[in-house]
Structures are given as C-alpha cells and as structure tokens.
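All remarks here apply to the structure that follows.
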C-alpha cells in the first residue's frame, strides 16, 4: 500500500532521471518505437486486408448458397438425363419447412443458345442476362442506385422489364444518369428499364480470377420469361440466403437432400458457399500476421536488450544515490520499483511513438493503395500491453540488483 501511495513521486523521479539523461533515454525509446511500429504495421495490413477481402466477398452476399446439378458425375452406373435437374415444381417443393436453414431462395435462369445480342439504338453491350425473382437482390446483396427492383406481378406475368448494372447503363445510355423508362433490346425483344444497380467493386477478386466476370455488367429480368423463351421450365441453379453465415453449409445440405429425394438419386447435386472462402482468408491472413509479428518482435527484443543495458548503466551511475536512500531507511521494494517505473516509462513512451508511426504507415498505405488499412483496437491494446511488459522485463534485473545493494557497499563503491 505504501508503494502505491508514493507511486506518483516515483514517476516524477523517473521523469527527472530521463530528462537528466535524455540522449540515452531517446535511444532506448527509438528501439522500442521501431519494434512496436513494425508490429502495428503487420496488424494494420492484416486487419485492413481482411476487411477489404470481406468487403468484396459481401458483394456476393455472405450468407449466399449456390446449388446446382453436377453434370460431371463420376459414377458410371448413374442414369443420365438431360436437363438442369431443377425446375419450377422443385421451387414449390422447397418453399415449405423442409429447409429450416434457408431464409430466401431465388431461381437463376440463363438464356439458351448463343449469347444474346443486347442493344439500344446503335449501341451494343455483352452483359450477362439472368432470370431471377424478387428475392434475388436481397440474396446477392445488391443495392439500387436509382429506380426499383422487379415486382412479383411482373415476374409472374412475364413482363419485359429489366434491372440493369452500371456498365450496361454507361454502354447503352452514355451521358444519361437516369435511363429509367428507356428501352433496350435483348435478342430483338424490347425491355423497359425500371432500375439501375449500384456499382460494386471486386477488383481484388478480379486480380486473382475469382470475380466471376464484371459484376456491374448484368441484366436482371423475369425468370419465367426466360423459361418461356427457352421453351422449358428448367432452372440453371438456385441462389439461396441462409439464416446465418454459420448455417450456410446446413442450408446447402438441406436443399441437396430434398432435390435428391425428389429425383431418387437420378441427379447429383453440388453446392458452394462463401464459408470456405472466409475460412481460407482467416487462415492465410492469420498465418501472415503470426509470421510478421514474430519477425517484428526481433526488433522489440533488440529494443528490450537496449533498455536493460541502459538501466544497468543507470544503476551503476546512481550507486551513491541508492546507498544514501537505503541508509536513511528506504525499503528495498521502493528502490526496486523506482527503477522499474523508469524502465516502464521509457518503453511506454517509445510504444506510444511506435503506435503513432504504425498508424501513420497505415494512412500512407491507404493513400497509395486505396485499401482501408487501419489497426484494430485489439492490435492497439496489445501494442500498449507489450510496451509495458517489455519495460517490466527489461527493468527487472537492474532494479533487483539496485534493491539488493547494501548501504555500506553502495556508499563505499560510489
């Protein structure tokens, strides 16, 4: 308790000791600052990188599940049939309580035959045309820049209306921020534009070939209309929203189970979720962070050795002071805490400086790369904790040696 009462005085003495040897103290702080800045930079890049990847994965809908027929069955005895293995009757069957992990479901139907010719006047575009229902926008995490989505009555009655992506809008209607009400042609058939999707970014995924094409180059229309033009009721695949990210795999299994039972094993079904991509991202960035922090910690170790050396020098230089304090009744714990406080203060100031440098590096990287790179609160907390811990460890042995000095020996050696 007495040590706690005199702690403010110990901090004051530590500050005066640092000012008296400011050059030596600054060198010690620099070593710690470099180590903390390195650790913070690694944490910043890891945290920001994960946030950026998750931001791009969100453009697919984090709870999305894709279910489709696996055409490449390895079973040579499986009966073969043409078709997608999913049709409108299956959609009705999947609407009940058979799939408790499913929140929303949308069929996705692609036009058959060659790629459709898309034009408005004398301007052309090569967008992906897909037939969907009203839930598709929510499942795919799509937002509208202007206009509205497809309505249930329009889908049911196969009305020729379309929601288009930004690339389609700029290609077919250049210089027109509001193309609502205008018409475009898809393979000669006129469609009225009722909505324009807000632009999405998948630059990182595109750079590694995982973006799935230009996400802004899409045209959404009524899926029964595409089925009518195709001449059948086939559905190419189901895009589903699970009740949660964790329930995505369960939702996929439930959907595949229902479809397999309906067709008694005639078709084999596969599924995809974003859960595996999220797990892979966590594993990769987690491994990079651990390796980076281990490498950056070497700078902290060097800094800690420097602080320990300087504190040992301080103890040797202040032997007379230690002897006098011990002779007039200072407790050993007070002498020990005095030097530990000085060591902790040096490391804490160095840690704060390193923290500021690390955050500045994040800002600079953000400016040059466009990635939102900022440290997480956990990284900041760890940096401050490590600074204090390094101070305690580096100052312990010199402080212990100072506390164990006998007054007579200290005064004689001074």
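Residue numbers (UniProt numbering): 1 to 414. We treat Cβ as the ideally placed atom computed from N, Cα and C, and that holds for glycine.
Check	Outcome
Taking all protein chains shown into account, do 16 or more other C-beta atoms lie within 10 angstroms of the C-beta of residue 200, making it buried, or fewer, making it exposed?	buried
At the level of alpha carbons, what is the spacing between residue 147 and residue 191?	15 Å
Return yes when the Cβ of residue 240 is within less than 8 Å of the Cβ of residue 67, no when it is not.	yes
Under a three-way DSSP split, which group does residue 273 fall into?	strand
Taking only the alpha-carbon atoms, compute the straight-line gap between residue 116 and residue 104 and give it to the nearest angstrom.	29 Å
Starting from residue 67, follow the beta strand (DSSP E) in both directions and report where the run begins and ends.	64-69
Is residue 128 close to the ligand GTP? I mean its beta-carbon at under 7 Å from any heavy atom of the ligand.	The ligand GTP is not part of this structure, which contains no ligands at all.
Decide if the segment 116-132 is in contact with the segment 243-253; the criterion is three or more beta carbon pairs, one per stretch, under 8 Å apart.	no
Check whether the segment 351-361 and the segment 377-392 touch, using three or more Cβ-Cβ pairs below 8 Å as the test.	yes
With DSSP as the reference, label residue 147 as helix, strand or coil.	strand
By the DSSP assignment, the alpha helix (DSSP H) with residue 387 in it spans what residues?	377-403
On the DSSP bridge list, what partners appear for residue 190?	185
Around the C-beta of residue 377, are 16 or more other C-beta atoms found within 10 angstroms, so that it is buried, or is it exposed?	exposed
Measuring CB atoms only, is the segment 303-313 touching the segment 333-346, in the sense that at least three cross pairs come out at less than 8 Å?	yes
Output yes or no for whether 8 Å exceeds the beta carbon distance between residue 299 and residue 42.	no
Helix, strand or coil: how does DSSP classify residue 199 here?	coil
May I have a chain-ordered list of the alpha helix (DSSP H) segments no shorter than 4 residues that lie completely inside the segment 76-164?	88-93, 136-139 and 152-156
For a test of the three-state rule: what should DSSP assign to residue 264, helix, strand or coil?	coil
Roughly how many whole angstroms lie between the Cα atoms of residue 185 and residue 84?	27 Å
Out of curiosity, what's the CA-to-CA distance linking residue 339 and residue 398?	8 Å
Grab me the residues of residue 154's own chain with a C-beta within less than 7 Å of its C-beta, minus the 5 sequence neighbours each way, in chain order.	161 and 222
Return the chain-ordered list of same chain residues with a C-beta closer than 7 Å to the C-beta of residue 101, the five sequence neighbours on each side being excluded.	242, 243, 247, 250, 251 and 254
Please tell me whether residue 299 has its Cβ less than 8 Å away from any Cβ of chain C.	As a matter of chain content, chain C is missing from the structure shown, which is built from one protein chain.
Could you say which of 260, 188, 187 and 180 lies nearest to residue 197 if we only look at CA atoms?	180
Name the residue from 98, 107, 97 and 99 whose alpha carbon lies nearest to the alpha carbon of residue 91.	107
Apart from the five residues on each side of it in sequence, which residues of its chain come closer than 6 Å, Cβ to Cβ, to residue 86?	235
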